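Trainee: The structure is given below, and queries will be raised subsequently.
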Amino acid sequence: MPDGRLVLADLAGRVSFVSPGGEVVSSFDQGKKLVDAPLVDGAGNVFVRSFNDRLGDGNDPDNVLAYGPDGVKRWSLTPGRGGGFAMAIDGQGRLLTASHEESGSRLLLLE
Numbered sequence: 070m071p072d073g074r075l076v077l078a079d080l081a082g083r084v085s086f087v088s089p090g091g092e093v094v095s096s097f098d099q100g101k102k103l104v105d106a107p108l109v110d111g112a113g114n115v116f117v118r119s120f121n122d123r124l125g126d127g128n129d130p131d132n133v134l135a136y137g138p139d140g141v142k143r144w145s146l147t148p149g150r151g152g153g154f155a156m157a158i159d160g161q162g163r164l165l166t167a168s169h170e171e172s173g174s175r176l177l178l179l180e
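Going left to right, the sequence shown walks through residues 70 to 180 as the working numbering numbers them.
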């Protein structure tokens, strides 16, 4: 984060903000299993990718969730029903996410 904090997440869905000294400043449970490490943009916004296999068939949608530097949820997005999408932040601070659909792959650019 711009202020030196680290953002850590576990597979169970807990996201924690940790001070440079190693102290947990705040944490929250976002309610779903996390798939990847969180991403942080230059403004301190946190992006996580979650998965919830409610039916046990592997077909429940993944979600991209955005939180402000204060840990408040800003928005969520379900890019598609296919699995295996990834996230990245480009040099201009925009979030890119990709998903695999039955009809092919899809890339989204979020500004």
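Here a beta-carbon is modelled for each residue, glycine too, at the ideal position from N, C-alpha and C. As the structure is a prediction and not an experimental result, all values here were calculated from the model.
Nearest-angstrom Cα distance between Ser88 and Leu165?
Mentor: Locating residue 88 in the sequence shown gives position 19, counting from the first residue. Locating residue 165 in the sequence shown gives position 96, counting from the first residue. One C-alpha to the other measures close to 27 Å.
Trainee: State buried or exposed for Ser95, treating a residue as buried only when at least 16 other CB atoms are found within 10 Å of its CB.
Mentor: For the purposes of this step, residue 95 is taken as residue 26 along the sequence shown, with counting starting at 1. Exposed.
Trainee: State the Cα-Cα distance for the pair Gly111 and Arg74, rounded to the nearest angstrom.
Mentor: Here residue 111 refers to the residue found at position 42 when the sequence shown is read from its first residue. Here residue 74 refers to the residue found at position 5 when the sequence shown is read from its first residue. So the alpha carbons of these two residues sit roughly 13 Å apart.
Trainee: Counting only the same chain and skipping the five closest in sequence on each side, list residues whose C-beta sits under 6 Å from that of Asp79.
Mentor: Locating residue 79 in the sequence shown gives position 10, where the first residue counts as 1. Once the five neighbours on either side are set aside, Asp79 has no close Cβ partner at all.
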